[in-house]
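Which chain is which? The protein sequence lines are A and B, in order.
The first sequence begins at 1 in our numbering and counts up one residue at a time.
The second sequence begins at 1001 in our numbering and counts up one residue at a time.
In this text, a Cβ means the ideal position worked out from N, Cα and C, and glycines have one as well.
All values reported here derive from a predicted model rather than from experimental measurement.
Protein chains: 2
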Amino acid sequence: MKRVSLKDIARIAGVSPSTVSFVLNGKAKQMRISETLASKIMEVAKKEGYHPNPVAVSLRTGKSQILGLIVETISGNFFASLSRIIEEEAARFGYKIVYTSTENKLQKGKELIGMLAQRQVDGYIITPTPGMEQDINELIADNKPVVLMDSYFPGIDVPHVLVNNYEGVKKGMAHLIEKGYRRIGFVTVDLNLVQMEERLKAYNDTMHQEGLTTENLVLSLKYEEDKEKGIQQVTDFIKNTPELEAVFFATNYLGLLGLEGIHRLGLKLPDDLAMICFDDHDVFRLYPPGITCIQQPAEEIARTALELLMEQLGKGNGIPGETKIEISPGLVVRGTTEFVQKVK
Amino acid sequence: MKRVSLKDIARIAGVSPSTVSFVLNGKAKQMRISETLASKIMEVAKKEGYHPNPVAVSLRTGKSQILGLIVETISGNFFASLSRIIEEEAARFGYKIVYTSTENKLQKGKELIGMLAQRQVDGYIITPTPGMEQDINELIADNKPVVLMDSYFPGIDVPHVLVNNYEGVKKGMAHLIEKGYRRIGFVTVDLNLVQMEERLKAYNDTMHQEGLTTENLVLSLKYEEDKEKGIQQVTDFIKNTPELEAVFFATNYLGLLGLEGIHRLGLKLPDDLAMICFDDHDVFRLYPPGITCIQQPAEEIARTALELLMEQLGKGNGIPGETKIEISPGLVVRGTTEFVQKVK
DNA sequence: CTGAAAGCGCTTACAG
DNA sequence: CTGAAAGCGCTTACAG
Chain A
1 MKRVSLKDIA RIAGVSPSTV SFVLNGKAKQ MRISETLASK IMEVAKKEGY HPNPVAVSLR
61 TGKSQILGLI VETISGNFFA SLSRIIEEEA ARFGYKIVYT STENKLQKGK ELIGMLAQRQ
121 VDGYIITPTP GMEQDINELI ADNKPVVLMD SYFPGIDVPH VLVNNYEGVK KGMAHLIEKG
181 YRRIGFVTVD LNLVQMEERL KAYNDTMHQE GLTTENLVLS LKYEEDKEKG IQQVTDFIKN
241 TPELEAVFFA TNYLGLLGLE GIHRLGLKLP DDLAMICFDD HDVFRLYPPG ITCIQQPAEE
301 IARTALELLM EQLGKGNGIP GETKIEISPG LVVRGTTEFV QKVK
Chain B
1001 MKRVSLKDIA RIAGVSPSTV SFVLNGKAKQ MRISETLASK IMEVAKKEGY HPNPVAVSLR
1061 TGKSQILGLI VETISGNFFA SLSRIIEEEA ARFGYKIVYT STENKLQKGK ELIGMLAQRQ
1121 VDGYIITPTP GMEQDINELI ADNKPVVLMD SYFPGIDVPH VLVNNYEGVK KGMAHLIEKG
1181 YRRIGFVTVD LNLVQMEERL KAYNDTMHQE GLTTENLVLS LKYEEDKEKG IQQVTDFIKN
1241 TPELEAVFFA TNYLGLLGLE GIHRLGLKLP DDLAMICFDD HDVFRLYPPG ITCIQQPAEE
1301 IARTALELLM EQLGKGNGIP GETKIEISPG LVVRGTTEFV QKVK
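Here it is as structure tokens:
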């Protein structure tokens, strides 16, 4: 059961290790090795079931053929989709993925980057959280290939791909307005990230354009707060906001908290309250009708992020110079029932 | 930005690389290196920010300090919980985890094991699917540490940990019976695995003990079938089974299909139909009342699996000889409403 | 108590 | 066209 090494193949084929290495790495003609010899070596390698030891290759070349992926949480469906696509696409370029997640801990990002650096990953795809600016700057200073996903830092010039957040919330708001909703609340999180700002701005802009007030209609939760506390705050918000007709949740996680709160209050969707949520989570498909989602095109985001990274790794085939890519979100109305016009 | 190597530390500290290596690996006194020298070396290493290159260590020692985890699907919540715990626990022993999933493809397991072998993982935690017997046998023949989780192969003598499936279904059935349900359907999947057999057996046993018929009450779906088709079959089953009062779904995934079907039929839980499901999925917490779950203690399973593996890696501290561990499941009734006694 | 040396399995200039 | 040799960064017998 001993692994066969390159040396073994060389011995069996009766040539030197270098020759085997050249052949197996497709440098046969470049090194002007005869076709006969080359194919003989290939054959021996195949017959012996030879696979190069990636650890040795990595040590020697300094390349690991591994990409580091840092997401917020592995368990979320949006990130699971992203991961799956990225893994698939990366495989086509001969790269593996190492997953890590910050698990909503603001401070954990730093360690993770360090950990991946130690593991000698060849590039990074990162969903940034506040506080990571420093580390990302270091990676760039170090000439490491980096792509940001889902968000970015305005001050840092690094390729990034994300959904068009402003457009997404605009779409959702337009939908609510069209259905006749006026008293629309907005639940967000106190995360200092561009995408959250964009979403809130789109909400405010819409409300103001429609001549509606936003006073006392915006709830901002703490990011690292525990779940139960979040549910409580959302519940109170819904209960204590007079005449509330609809709530826009700025992230999927907030939507989950909101839904739980709505259940606890015994409210019926969408008759008592309409609900709309950014970040489609696959489970929304299972919820009762009356929920609308702004769907992030996970596949496209993932694919694009990987392309941007491959570009930096010299394996790309286009998108030169581009550094910011925004993708249009979709709007999904769950179930057959559309929002019900409120009649008070 | 160049990484410092062990050699650099040796040069700076004015000693040989071997000495540095011994000190940093805690073999200072074993090698009878003076405390003064040792602490001086430690200091230099810290000051220079030295971290050993894991790739080099791995090549030299043949150990990677990486464990391979093969689950069915990374996106599922049950597996996400497992992964998280395993990662945490493994870290305490100095191990990293590489995740892979079969994504419900029966045949993919083989490739994955091969892939992990190439990456030189030091041990395996595997959620087995049919067809993996061969590969698992090879690992054992190869003396690789292996632990199975969530299921096992009766013929193969390898440590495994799983929930007590029979007990779980028994509990759930007892609950239904107690609430007055009699016409209880069972939806399972045609997977040739012990845990599915145990679950079905518990259902059958209960029904027979209660003097109830199971005729036409069991639906078995194909494992690799697509989602939509599964939903259709469950929907038909519910529609075409006269007087059906409750349905027991043997896995979480089946439960999701069932719930979707129930929505489509416009049925109300639990008034029209009661639903109970094995494998707690966190999202059930968000469903309307009337659903009951047999909850797999993911934490305990994960922790135990890792302990069993550490045992094999010589880092354990107990559980000697034990090879099969069954953990009792919990029963969770969602919401305030219990099952409603049927009155026809 | 400490150092010189071999070797893990590869790749790649360099020399023929 | 092909081989001998160095070296990636470590660990560990072995010799002092």
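Please list, in chain order, all residues of the same chain as Glu133/A whose beta carbon is under 8 Å from its beta carbon, the five residues on each side excluded. If we look at Glu133/A and ignore the five residues flanking it on each side, its Cβ neighbours are Phe153, Gly155, Ile156.
Unbroken alpha helix (DSSP H) run spanning Gly1172/B, endpoints: 1165-1178
Taking 8 Å as the CB-CB cut-off, is Gly1055/B touching chain A? In the sequence on display, residue 1055/B carries Val and not Gly. By this cut-off, Val1055/B is an interface position.
As a quick exercise: from Lys63/A, Phe78/A, Thr213/A, Gly180/A, pick the residue whose alpha carbon is nearest that of Asp271/A. Answer by Cα proximity: Gly180/A.
So Ile41/A packs on Val121/A, CB below 8 Å; how close in whole Å? Taking C-beta atoms under 8 Å as the contact rule, Ile41/A and Val121/A fail to qualify, at a distance of about 31 Å.
Report the neighbours of Ser58/A on chain B: residues whose CB is nearer than 8 Å to its CB, in chain order. Within chain B, the residues near Ser58/A are Val1055.
Close-in-space but distant-in-sequence residues of the same chain around Ser328/A (CB under 7 Å, 5 per side omitted): Only Asn164, Glu167 meet the Cβ criterion.
Once the 5 residues before and after Lys1324/B are set aside, which same chain residues still bring their CB inside 7 Å of it? The beta carbon of Lys1324/B sits closer than 7 Å to those of His1160, all from its chain and outside the five residues before and after it, given in chain order.
For the beta strand (DSSP E) containing Gly1068/B, name the first residue and the last one. 1066-1071
Tell me where the beta strand (DSSP E) around Met42/A begins and ends. Counting along the chain, Met42/A falls outside any beta strand (DSSP E), though it belongs to the alpha helix (DSSP H) covering 35-47.
Flag this pair as yes or no: are the beta carbons of Asn1240/B and Asp1279/B separated by less than 8 Å? No; because the gap between Cβ atoms is not below 8 Å, this pair is not in contact.
Can you tell me whether Thr1213/B is buried or exposed, with buried defined as 16 or more other CB within 10 angstroms of its CB? Here Thr1213/B is exposed, its C-beta having fewer than 16 other C-beta atoms within 10 Å.
For Asn25/A, the nearest candidate out of Ala13/A, Arg11/A, Leu6/A (CA to CA): Leu6/A
What is the residue span of the alpha helix (DSSP H) that Ile1238/B lies within? 1227-1240
Cβ of Gln120/A less than 8 Å from any chain B Cβ? Taking a beta-carbon distance threshold of 8 Å, Gln120/A counts as an interface residue toward chain B.
Using DSSP bridges, identify the partner residues of Glu1300/B. Partner(s): none; Glu1300/B has no beta bridge.
Would Val23/A and Ala38/A be called neighbours here (beta carbons separated by less than 8 Å)? yes
May I ask you to list the residues that DSSP assigns as paired with Ser1016/B? Ser1016/B is not bridged to any residue.
Could you check whether the Cβ of Tyr124/A sits closer than 8 Å to any Cβ belonging to chain B? no
Measuring only between beta-carbons, confirm whether Tyr1203/B sits less than 8 Å from chain A. no
If you drop the 5 nearest sequence neighbours on each side, which residues of the same chain put their C-beta closer than 6 Å to that of Phe237/A? Here the set comprises Leu219.
Between the alpha carbons of Ser1021/B and Gly1094/B, how many angstroms are there, rounded? 18 Å
Would you report the Cα separation of Gly14/A and Ala45/A, rounded to the nearest angstrom? Using only the alpha carbons, I get a separation of about 12 Å.
With 9 Å as the C-beta to C-beta threshold (strictly closer), list the residues of the stretch 250-269 of chain A near chain B in chain order. Leu256, Leu259, Glu260, His263
Is Tyr99/A close to chain B? Criterion is C-beta to C-beta, closer than 8 Å. Output row for Tyr99/A: interface = yes.
Assuming Val98/A and Leu308/A make a contact with CB atoms under 8 Å, what is their CB distance in whole Å? So it is not a contact: roughly 18 Å between Cβ atoms.
Name the DSSP bridge partner or partners of Thr188/A? In DSSP, Thr188/A forms a bridge with Ser220/A.
Quick one, which of Glu311/A, Pro242/A, Gly261/A has its alpha-carbon nearest Val234/A's? Gly261/A
Less than 8 Å separating the beta-carbons of Glu1111/B and Thr1073/B? Going by C-beta atoms, Glu1111/B is not nearer than 8 Å to Thr1073/B.
Host alpha helix (DSSP H) of Ser1058/B (start-end): 1054-1061
Glu210/A: first and last residue of the uninterrupted beta strand (DSSP E) it sits in: It is not in any beta strand (DSSP E) - Glu210/A carries neither H nor E in the DSSP assignment.
Just to confirm, is the Cβ distance from Leu221/A to Leu254/A under 8 Å? Contact flag set, yes.
Indicate the three-state DSSP secondary structure (helix, strand or coil) for Glu245/A in the structure shown. coil
Since Val187/A contacts Val247/A with CB under 8 Å, what's their CB separation in whole angstroms? 6 Å
Looking only at C-alpha atoms, which of Ala1305/B, Lys1315/B, Pro1130/B sits nearest to Gly1068/B? Comparing C-alpha distances from Gly1068/B to each of Ala1305/B, Lys1315/B, Pro1130/B shows the shortest one belongs to Ala1305/B.
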